[in-house]
Each structure stands twice: as C-alpha cells, then as structure tokens.
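Under this note's numbering, the residues of the sequence shown are numbered 1185 to 1422, in order.
Okay, structure first, notes after.
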Amino acid sequence: MNWELSKKLTARLQKIAAQVTIGHRVADIGTDHGYIPVYLLKNKISPFVIAGDINERPLKCAEDNIAFNNLSHCIETRLGNGLSILKPKEVDTIIIAGMGGLLISELLNSSKEIVQNLDTLILQPMQAQSELREYLVGNGFIIEKDILVREGRHIYEIIVAKPEERIKAIDPIYYEVGLYIYNNPRPLAMEFIDRKIKTTREIIRNIGENVSGPSAEKLKEMKKKLKKLEEVYLCLQR
Ligand SMILES: C[S@@+](CC[C@H](N)C(=O)[O-])C[C@H]1O[C@@H](n2cnc3c(N)ncnc32)[C@H](O)[C@@H]1O
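Next up, the structure:
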C-alpha cells in the first residue's frame, strides 16, 4: 500500500474532502484506507477526525496509514456499525462514501439523535442515489448540493445535506458575513472579515465602557458580534 497516496487523493475523494467546512470536526464512516481523515488533517481542514469502519481489516489499514503520517493524536479510529460509534455533538460533519444509497439511509435512520445534531452530511452513494435523495427529503434534511465528479470512466455523485433544524438554527453571524463565506478565495474573505472587525471595534470604542441603558445593550451586542467575527477570521486563517 502506498501511503503517499493519502497526500494526493483521487478526484472522487478530493471532491468529497473539498465539501468539508474548515474547522469542522469530522467522522468518516466506512473509512477503509483512511485517506480522507489523513488528508483533512494534513491540509489543516479539520482539527479532529474520527475514522470508523465495521470491519477490522480496513480499520487496521486506516490505523497504519494514520500512524505512518504521525496523526494518531488527532485521528481516532473506532470499530463499529455506521454512526453508532459516535456520541451526539462529537462531530460537525459526517462523510459516508463508497456505500450503497439504501445502506446509507439505513445508517442515518438508525442514529437519529446523532444525525439531528450534525451540521453537514457529505454522502457519496454508489447505487440507489435517487432512493437516498428521497429518504433525505422525506426525513427532515435539506439537500444543499448535488455534485458530479468524473474519475476514469465513472461519474460519481456527491450529495451534501443538512438537517433542517440546523438550517433554522444558523448562527446569526452568517447572516452578516454570508452563509458561504468559506467558499470564497481565502485572502478576499479574510480582508472582508477584517474590515468588519475594524468597524465593530470602532463602534465599541465610540460607545465607551461606562454606559448604561440602551448603550450598554448595544455595547454587549457589539462585543458578541466582534467575538463571532474573530472566530470566523480564525477559521479562515487555519
Ligand atoms: C468501498 S469502501 C469505501 C471506502 C471509502 N469511504 C471510500 O469512499 O473510498 C466501504 C467501506 O465501508 C465499510 N462499511 C461497510 N458497511 C459499513 C457499516 N455499516 N458501518 C461502517 N462501515 C461500513 C467497509 O468495511 C469498507 O471499508
């Protein structure tokens, strides 16, 4: 096995990895070789990844790859069925790639508590793609993206979905900076956020510290906004 492959993913795996939001903790369910977890860590996309598989042999393969890349401290391997290896809110994104659409929907259906607390699901079904889409739409998910990727003679389908509640529970800062800020070229997005940080600091300075009533409320609101903007900036910096 050539572990160097994990640095340069195939087109399909590359496209799947590209859907991960920077800063998200990820679980790769059915990881097999563990290429995606290694890639996400090496490229500073995720701070922490759980690599799961139901079979010992592929999990051992992933463990060897992770150890070869000195990443055992930030990629945890877990043996088990689907999402049952996870605790609620342990990760923000799950990837399930290279399995059938029916199996993927069964795995989602049998771990509802885990799934409802996720931010993003990145799914790459090999068959029964339409059944999986139908399952998602009928069970409280919003399909955000449908992506095609060519690899050799195959055209693979990648589905990016979100639990509906997560859409409603969006952090208000993303109304300010845009829901897809992380999709923009990094320097442009950082400059954009930096300008907002400077403007907010200016407003805080102008309000001053010893205020009461509506001004105190405004100060609190602006400080909260500044903290959120700084968090977005940090994520862009990673
Ligand atoms: C074809 S490989 C796909 C590997 C990788 N995700 C990819 O897309 O290249 C499928 C992997 O899923 C694992 N798998 C199958 N059923 C599973 C389940 N119910 N829970 C977790 N892993 C499973 C298999 O052991 C195998 O390693």
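Where is the CB? At the ideal position from N, CA and C, for every residue including glycine.
(request) Check whether the Cβ of A1281 sits closer than 8 Å to any heavy atom of ligand 1, and report yes or no. (result) What you label residue 1281 is simply residue 97 of the sequence shown in a count that begins at 1. Yes, since a heavy atom of ligand 1 falls inside the 8 Å radius drawn around the Cβ of A1281.
(request) Under 8 Å Cβ to Cβ from Y1366, same chain only, skipping five residues before and after it: list those, please. (result) Counted from its first residue, the sequence shown places residue 1366 at position 182. So the qualifying residues of the chain are T1205, I1206, A1373, C1419, L1420.
(message) Residues in the same chain with beta-carbon distance under 8 Å from R1370, minus the five sequence neighbours each way, listed in chain order, please.
(response) The residue labelled residue 1370 in the question sits at position 186 within the sequence shown. Answer for R1370: L1420, listed in chain order.
(message) Given a cut-off of 9 Å on the beta-carbon distance, is the pair G1218 and I1280 in contact?
(response) Along the sequence shown, one-based indexing puts residue 1218 at 34. Along the sequence shown, one-based indexing puts residue 1280 at 96. The Cβ atoms of G1218 and I1280 do not sit closer than 9 Å to each other.
(request) Output the residue ranges of the beta strand (DSSP E) runs that lie fully inside the segment 1270 to 1350 and measure 3 residues or longer, sorted by chain position. (result) Every beta strand (DSSP E) stretch that sits fully inside the segment 1270 to 1350 and reaches 3 residues is listed by chain position as 1277 to 1283, 1304 to 1309, 1325 to 1335, 1338 to 1347.
(request) In the DSSP assignment, find the beta strand (DSSP E) that holds E1260 and state where it starts and stops. (result) Along the sequence shown, read from residue 1 onward, the residue named residue 1260 stands at position 76. Note, E1260: beta strand (DSSP E), 1259 to 1263.
(request) On a CA-only basis, which of Y1417, K1407, D1276 is nearest E1375? Give me that one, please. (result) Your numbering for residue 1375 matches position 191 in the sequence shown. Answer by Cα proximity: Y1417.
(request) Would you mind sorting Q1308 into buried or exposed? The rule is 16 or more other CB atoms within 10 Å of its CB. (result) Position 124 of the sequence shown, counting from 1, holds the residue named residue 1308. Result: buried.
(request) Check each candidate in H1208, L1225, L1316, Y1364 and name the one with the smallest Cα separation from E1274. (result) To locate residue 1274, count along the sequence shown from 1; it is residue 90. The option with the nearest alpha carbon to E1274 is H1208.
(message) Nearest by alpha-carbon distance to K1329: which of E1318, N1301, E1341 is it?
(response) Taking the sequence shown and counting its residues from 1, the one referred to as residue 1329 is at position 145. For K1329, the closest of E1318, N1301, E1341 by C-alpha to C-alpha distance is E1341.
(request) Go through its chain and collect everything with a Cβ distance to E1415's Cβ below 6 Å, but skip five positions before and after it. (result) Here residue 1415 is taken as the residue at index 231 of the sequence shown, counted from 1. Within the same chain, E1415 has no close Cβ partners at all.
(request) Using only alpha-carbon positions, find the residue among K1271, V1333, L1263 that is nearest to T1194. (result) Indexing the sequence shown from 1 puts residue 1194 at position 10. The option with the nearest alpha carbon to T1194 is V1333.
(request) Grab me the residues of G1324's own chain with a C-beta within less than 7 Å of its C-beta, minus the 5 sequence neighbours each way, in chain order. (result) Position 140 of the sequence shown, counted from the first residue, corresponds to residue 1324. Within the same chain, and ignoring the five residues on either side of G1324 in sequence, the residues whose Cβ sits closer than 7 Å to its Cβ are P1347, E1348.
(message) At the level of alpha carbons, what is the spacing between A1312 and I1288?
(response) Translated into the one-based positions of the sequence shown, residue 1312 becomes position 128. Translated into the one-based positions of the sequence shown, residue 1288 becomes position 104. Going from the Cα of A1312 to the Cα of I1288 covers about 10 Å.
(request) Compute the Euclidean distance between the alpha carbons of T1383 and I1229, then round it to the nearest angstrom. (result) Numbered from 1 along the sequence shown, position 199 holds the residue referred to as residue 1383. Numbered from 1 along the sequence shown, position 45 holds the residue referred to as residue 1229. Each residue's Cα considered, the two are about 28 Å apart.
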